[in-house]
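This report refers to the structure that appears directly beneath it.
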Amino acid sequence: MKIDLNGMLYALSYALDCVEGELTGIKPGHGKWVAYFCVRMGKEYGMTQEQLFDLAACAVLHDNALTQYLSEERGEAVSNGRTAGKHCIFGEENMKDFPFYTDVRGVILYHHENADGSGFFKKKSEETPLMAQMIHLADLLDVSCRIHEVSAERWQSAERFLASGRDRLFDGSLVELFFRSVQKEQYLALAGRQIDGLLSGELPGKPKEYPFYQVQSMLKVFGKIVDYKSRFTRNHSEQIAEKLMRVAEAYGYGQETKERLYVAGMLHDIGKMAIHNDVLEKPDRLTEDEFVYMQNHAWYTYVILSQISGFEDITRWASRHHEKLNGKGYPFGLKAGQLDEKERLLACIDIYQALGEERPYKPGLPHEKCIAIMRDMARNGFIDGKITDDLERIFAPM
Ligand SMILES: [Fe+2]
Ligand SMILES: [Fe+2]
Ligand SMILES: [Fe+2]
Ligand SMILES: [Fe+2]
1 MKIDLNGMLY
11 ALSYALDCVE
21 GELTGIKPGH
31 GKWVAYFCVR
41 MGKEYGMTQE
51 QLFDLAACAV
61 LHDNALTQYL
71 SEERGEAVSN
81 GRTAGKHCIF
91 GEENMKDFPF
101 YTDVRGVILY
111 HHENADGSGF
121 FKKKSEETPL
131 MAQMIHLADL
141 LDVSCRIHEV
151 SAERWQSAER
161 FLASGRDRLF
171 DGSLVELFFR
181 SVQKEQYLAL
191 AGRQIDGLLS
201 GELPGKPKEY
211 PFYQVQSMLK
221 VFGKIVDYKS
231 RFTRNHSEQI
241 AEKLMRVAEA
251 YGYGQETKER
261 LYVAGMLHDI
271 GKMAIHNDVL
281 EKPDRLTEDE
291 FVYMQNHAWY
301 TYVILSQISG
311 FEDITRWASR
321 HHEKLNGKGY
331 PFGLKAGQLD
341 EKERLLACID
351 IYQALGEERP
361 YKPGLPHEKC
371 IAIMRDMARN
381 GFIDGKITDD
391 LERIFAPM
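In structure tokens, the structure reads:
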């Protein structure tokens with residue numbers, strides 16, 4: 001499957017920023033700003049194009065395990081030094097099957113190490129990969145000096161911060177590299193520019209053919225992030241993606257379509273990253289207001305995926321999974337004539353899967369019960385009756 005991998009990462013980093021914002025108060029765009037300054041440093045250093053791609057990918061995903069960490073260590077503050085190193089370990093682990101061009105071992109693991117060895121893993125700068133040091137510097141510049149706000153005042157604050165952190169937080173040569181890679185006038189010229197454009201201008205996307213198993217392994221990282229955000233729906237996305245493949249097989253869809261449906265299934269709830277955990281994790285049924293707020297997740301799925309070029313069909317299928325044939329769905333309120341077979345299919349499988357899953361307020365239902373409820377919904381004009389019949393047959397317990 002052809003994918004512009006970095007373009008995809010940039011779009012999905014929005015989802016990560018939402019979670020990180022919820023936990024640490026950073027602003028959307030954080031991952032991309034970190035990547036932008038890293039790429040500037042990497043170019044100044046003379047990194048190859050492949051290294052720059054890997055550096056940008058790691059920079060965008062430096063905190064990919066924050067949601068996982070959140071569910072592992074519920075209730076503990078991220079700034080709590082005792083547990084904060086965990087997201088580095090899980091973050092590195094999550095990315096181990098990712099199709100990097102170069103060897104990036106240790107880059108995510110050591111993104112919080114200080115030059116003087118006072119970080120989580122007590123590694124000094126000579127023991128940490130340069131990419132990890134770059135991410136550390138750009139991350140702190142953005143978090144501590146809000147460098148993304150671009151103003152003379154922010155620049156001064158960055159200068160002060162780097163001077164005081166020299167040889168303590170960051171190696172002196174890295175600080176010098178940063179100032180060679182971005183000069184004050186160049187920095188101030190970024191004012192009012194969108195980070196998306198800046199980053200893709202610095203490192204244009206390169207669609208490349210990836211074998212499906214690699215596409216799957218990169219998507220698992222994101223499926224995990226979504227599913228980890230809410231412990232009640234663990235593995236929901238992956239289960240849906242696999243069921244979609246099974247039905248696609250039974251329908252005789254071609255390999256390419258099957259794979260694209262899998263991608264849509266893995267990412268259909270990516271917009272949940274933008275929804276607050278109080279609502280996502282609420283143990284009882286949602287109030288009407290909360291339900292309306294929760295519905296935004298399908299819109300965010302649309303916003304996030306529509307940024308990825310070549311994902312037009314996947315975006316449509318994924319973002320329409322809560323549409324109903326009678327126009328009573330969301331986020332667009334589309335009607336039967338506007339919903340094609342694949343969109344209807346994802347909607348049906350999402351319902352079938354959710355009914356079968358256990359939630360704090362309901363048990364997981366067996367196959368026949370799920371189908372009976374769906375038949376009712378089909379009779380009342382909500383979902384596709386023929387697809388419901390097909391699911392009854394395809395997923396019938398042996
Ligand atoms: Fe981090
Ligand atoms: Fe960060
Ligand atoms: Fe959903
Ligand atoms: Fe879902």
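In the working numbering, the protein residues as written are 1 to 398.
Using N, Cα and C, we set each Cβ at its ideal position, and we do this for glycine too.
None of the values given here were measured: they were computed from a predicted structure.
Query                                                                                                                      : Result
Contact test: D63 Cβ vs ligand 1 heavy atom, cutoff 6 Å                                                                    : yes
Through-space distance from Q186 to G81, alpha-carbon basis                                                                : The predicted model places G81 with a pLDDT of 48, which falls under 50 and marks its position as unreliable; any figure quoted below should be read in that light. Cα-Cα distance, rounded: 36 Å.
contact_flag[the stretch 23-37, the stretch 137-156] where n(CB pairs < 8 Å) is 3 or more                                  : yes
P129 burial status per 10 Å Cβ neighbour count (16 or more: buried)                                                        : buried
Buried/exposed call for N64, threshold 16 Cβ in 10 Å                                                                       : buried
Heavy atom of ligand 2 within 6 Å of D139 beta-carbon                                                                      : yes
H112 versus L345: straight-line alpha-carbon distance, rounded                                                             : 44 Å
D196: CB within 6 Å of a non-hydrogen atom of ligand 4                                                                     : no
Span of the alpha helix (DSSP H), counted from its first residue to its last, around N277                                  : 277-280
Under 7 Å between C-beta atoms of L162 and N114                                                                            : no
Candidates V39, P211, K220, of which the one nearest Q51 by Cα                                                             : V39
Chain-order list of residues whose beta-carbon lies under 6 Å from that of D103 (same chain, five-residue window excluded) : none
Rounded distance between the beta-carbons of R246 and I394, thought under 8 Å                                              : 6 Å
Spatially closest choice to P397 from C370, E149, R105, A191, by CA coordinates                                            : C370
Beta carbon of L5 nearer than 7 Å to that of L66                                                                           : no
Delimiting residues of the alpha helix (DSSP H) encompassing M377                                                          : 367-379
Inter-residue spacing [alpha-carbon to alpha-carbon] between V60 and K386                                                  : 42 Å
Beta bridge counterpart(s) of K124 as assigned by DSSP                                                                     : D116
Sub-7 Å separation of A241 and M266 beta-carbons                                                                           : yes
Cβ neighbours of F222 in the same chain (closer than 6 Å, five flanking residues each side left out)                       : L12
Cβ shell of E392 (< 7 Å), same chain only, five flanking positions each side left out                                      : I371
Proximity test, D289 beta-carbon vs ligand 3 heavy atom, cut-off 6 Å                                                       : no
For Q404, the first and last residue of its enclosing alpha helix (DSSP H)                                                 : Since the displayed the chain opens at 1 and closes at 398, residue 404 lies outside it and no answer follows.
Test item: CB-CB of H276 and A298 under 7 Å                                                                                : no
Inter-residue Cα distance where the pair is R285 and Y361                                                                  : 7 Å
Bounding residues of the alpha helix (DSSP H) (the contiguous stretch that carries E472)                                   : Outside the shown range of the chain (1 to 398) lies residue 472, about which nothing can therefore be said.
Nearest neighbour of C437, chosen from P363, G327, R375 [CA to CA]                                                         : This structure does not reach residue 437, given that the chain is present from 1 up to 398, and the question cannot be answered.
Secondary structure of F170, DSSP reduced to three states                                                                  : strand
Buried versus exposed, by CB contacts within 10 Å (16 or more), T48                                                        : exposed
7 Å CB neighbourhood of M41 in its chain, flanking five on each side removed                                               : M134, L177, F178, S181
Given D252 as reference, the closest of G91, S118, E159, K342 once Cα atoms are compared                                   : In the sequence as displayed, the identity of residue 252 is Gly instead of Asp. Closest option to G252, Cα to Cα, is K342.
Whole-number beta carbon distance between L325 and F382, since they are thought to touch under 8 Å                         : 6 Å
For K122 and G271, the rounded distance between their alpha carbons                                                        : 37 Å
N94, enclosing alpha helix (DSSP H) - first and last residue                                                               : 86-94
Local conformation of E209 per DSSP, three classes                                                                         : strand
Whole-number beta carbon distance between D269 and V226, since they are thought to touch under 8 Å                         : 5 Å
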